[in-house]
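Participant: Below is a structure I'd like to ask you about.
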Amino acid sequence: MSTIEIRPELQYRYRKNHKITLFYHFKEKENTIASFEKLTQQKYGFSYFYLDKKNNQLSADFTMFFNAFLGDSNSPVAYQMLEGLQKGKNYTWNFQWNKKLSSLLNLSLNYFGRKSENTSTIHTGMVQLKADF
């Protein structure tokens, strides 16, 4: 597999506890062994991060993918090259909140979403209570 990647980012920090990132990623992948599948991917997005004085942490991101894929998109090689996404336009988003409840307990709430041109939106959530001892 041959890969070329360009990943410029622009970050802005507001005070010490806010960070906004805008990014563009360009990637080309080519299967050089068998069926010669080829992917050209453009990825645009932004992310936000916040940390307050009471140990609350919030992060959010939104990403748009534009995948131009040549080859059989239902093969294991295509799944790996497309990183689980589909040909065409894809969107992903993520929200995460973490709270340190005590010196031993941490609470995390996560929400993930994704949408492709020809599929329904997929929503995934997770709640985690972690004890460190």
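Heads up: the sequence shown at position 35 corresponds to 1124 in the numbering used here, and the numbers run straight through without jumps.
Virtual Cβ for every residue (Gly too), placed ideally from N, Cα, C.
Measure the CB-CB distance between Gly1160 and Ser1209 and report whether it falls below 8 angstroms.
Facilitator: The answer is no: Cβ separation not under 8 angstroms.
Participant: What residue range does the beta strand (DSSP E) around Met1170 cover?
Facilitator: Where Met1170 is concerned, there is no enclosing beta strand (DSSP E), although the alpha helix (DSSP H) it sits in stretches over Pro1165 to Met1170.
Participant: If the criterion is Cβ atoms closer than 8 angstroms, does the pair Lys1105 and Phe1138 meet it?
Facilitator: For Lys1105 and Phe1138, no; Cβs fall outside 8 angstroms.
Participant: Go ahead and label Glu1126 buried or exposed: buried means 16 or more other beta carbons lie within 10 angstroms of its beta carbon, across all protein chains shown.
Facilitator: By the 10 Å Cβ count, Glu1126 comes out buried.
Participant: Within its chain, find whatever has a CB closer than 7 angstroms to the CB of Lys1189; leave out the 5 residues flanking it on each side and keep chain order.
Facilitator: Here the set comprises Asn1144 and Asn1195.
Participant: Does DSSP put Ala1123 in a helix, a strand or coil?
Facilitator: The answer is coil: DSSP assigns Ala1123 none of H, G, I, E or B.
Participant: How close, in whole Å, do the beta carbons of Phe1115 and Phe1135 come, if the pair is a contact with beta carbons under 8 angstroms?
Facilitator: In fact, because the Cβ distance is near 17 angstroms, the residues do not count as touching under 8 angstroms.
Participant: Which term fits Gln1100, buried or exposed, when burial requires 16 or more other beta carbons within 10 angstroms of its beta carbon?
Facilitator: Exposed, because fewer than 16 other Cβ atoms sit within 10 Å of the Cβ of Gln1100.
Participant: Beta-carbon separation of Lys1118 and Met1090 under 8 angstroms?
Facilitator: Going by C-beta atoms, Lys1118 is nearer than 8 angstroms to Met1090.
Participant: State the DSSP-derived secondary structure class of Thr1213, mapped to helix, strand or coil.
Facilitator: Of the three classes helix, strand and coil, the one that applies to Thr1213 here is strand, per DSSP.
Participant: Provide the residue span of the beta strand (DSSP E) that contains Lys1178, from first to last.
Facilitator: From DSSP, the beta strand (DSSP E) with Lys1178 extends over Gly1177 to Lys1189.
Participant: Can you give the beta carbon distance from Phe1222 to Tyr1200, rounded, assuming they're within the 8 angstroms contact cut?
Facilitator: Contact doesn't hold; Cβ gap of about 28 angstroms is too wide.
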